[in-house]
Amino acid sequence: MKNIFLVIMILFISKINAQGFDKFINVTGTSELIVNADQMEIGINIKTIGISIEDSKKVNDRSVSELSEILKSGGIAISDIEISPLSLGKNYEYKQGERVQNGYFTNVNVSFLLKDLSKYYKLIDKISTNDFFEITNSSYKISEYETKMKSALEKALLAAKDKAFLMAQVLNVNLGSVLEIDETIFKDGPIPFNTMTKESFQEGGITGKVTITKSIRVKFAIM
Numbered sequence: 007m008k009n010i011f012l013v014i015m016i017l018f019i020s021k022i023n024a025q026g027f028d029k030f031i032n033v034t035g036t037s038e039l040i041v042n043a044d045q046m047e048i049g050i051n052i053k054t055i056g057i058s059i060e061d062s063k064k065v066n067d068r069s070v071s072e073l074s075e076i077l078k079s080g081g082i083a084i085s086d087i088e089i090s091p092l093s094l095g096k097n098y099e100y101k102q103g104e105r106v107q108n109g110y111f112t113n114v115n116v117s118f119l120l121k122d123l124s125k126y127y128k129l130i131d132k133i134s135t136n137d138f139f140e141i142t143n144s145s146y147k148i149s150e151y152e153t154k155m156k157s158a159l160e161k162a163l164l165a166a167k168d169k170a171f172l173m174a175q176v177l178n179v180n181l182g183s184v185l186e187i188d189e190t191i192f193k194d195g196p197i198p199f200n201t202m203t204k205e206s207f208q209e210g211g212i213t214g215k216v217t218i219t220k221s222i223r224v225k226f227a228i229m
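In my numbering, the protein residues as written are 7 to 229.
Structure, rendered in structure tokens:
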């Protein structure tokens, strides 16, 4: 009998302790920074077609060398240029609904980081002189991304904290310790338009913005 009473008391105390952790509030803090971009990442595809693999590769190699010289003359550091491995194979086209081979292709992708946006238009003009160069993608970047990201994260946490204090004050309760913290992942990226002015166009530059968004969920105990 004594043992049964002891078990009941333990369960009762455990229930009381567990109930103490049931009192909490969940809040979400969000921060969005819109930062002027100072860099741009550009991707270029070079695809050549020849009557043989050797012919196709020869033209492709020459085109890659030409692009490398254009980039170097435009002030792009070698460390900021990435060239993918070659892909080679038979090239096909459709004639009257039928798939037929029309030679052999060589394909390579080149990406580079432009750190001086004032050189954008002159560089693009030079790249446009070669019919084998196809710009497949471009996106704005910021050089101080890690610093800006930490700033956005800090502001999101402060926003969550301020919201929790306000809710606790209105409800006449006290905030306890932090029980949980979760981050909602957002894909940071460029705003999908260019911010251009007459002056920047005349100077040969281009300007854009990058958004950095952070959202934090914080679970506070309340007393």
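Virtual Cβ for every residue (Gly too), placed ideally from N, Cα, C.
Nothing here was measured: the structure is a model prediction, and the numbers come from that model.
Would you report the Cα separation of residue i and residue j, rounded to the nearest angstrom?
i: Gly182; j: Ala174; result: 10 Å
i: Lys53; j: Glu150; result: 34 Å
i: Tyr127; j: Ser134; result: 10 Å
i: Lys29; j: Asn178; result: 13 Å
i: Gly49; j: Phe118; result: 7 Å
i: Ile89; j: Glu189; result: 35 Å
i: Asp137; j: Ile40; result: 36 Å
i: Lys167; j: Glu152; result: 23 Å
i: Asn113; j: Asn66; result: 8 Å
i: Lys161; j: Ser37; result: 6 Å
i: Asp131; j: Lys169; result: 51 Å
i: Val216; j: Ala43; result: 6 Å
i: Ser248; j: Lys78; result: Nothing can be reported for residue 248: it is not among the residues displayed for the chain, which extend from 7 to 229.
So if DSSP puts residue i in a beta bridge, which residue, or which two residues, is it bridged to?
i: Ala227; result: Phe30
i: Glu99; result: Val106
i: Phe139; result: Ile52
If contacts are defined as beta-carbon pairs under 8 Å, then residue i and residue j qualify, I think. What distance do you get, rounded to the angstrom?
i: Asn51; j: Glu186; result: Actually they do not touch by this definition, with Cβ atoms about 46 Å apart.
i: Glu47; j: Lys125; result: Going by Cβ atoms, the distance from Glu47 to Lys125 rounds to 14 Å, so no, they are not a contact pair.
i: Leu129; j: Phe111; result: The pair is not a contact, with the Cβ atoms about 26 Å apart (cut-off 8 Å).
i: Ile31; j: Phe226; result: 5 Å
Just verifying my parser: in three-state terms, what is the DSSP assignment at residue i?
i: Thr153; result: helix
i: Leu181; result: strand
i: Asp188; result: strand
i: Asn51; result: strand
i: Leu92; result: coil
i: Ser117; result: strand
i: Ser134; result: coil
i: Ser69; result: helix
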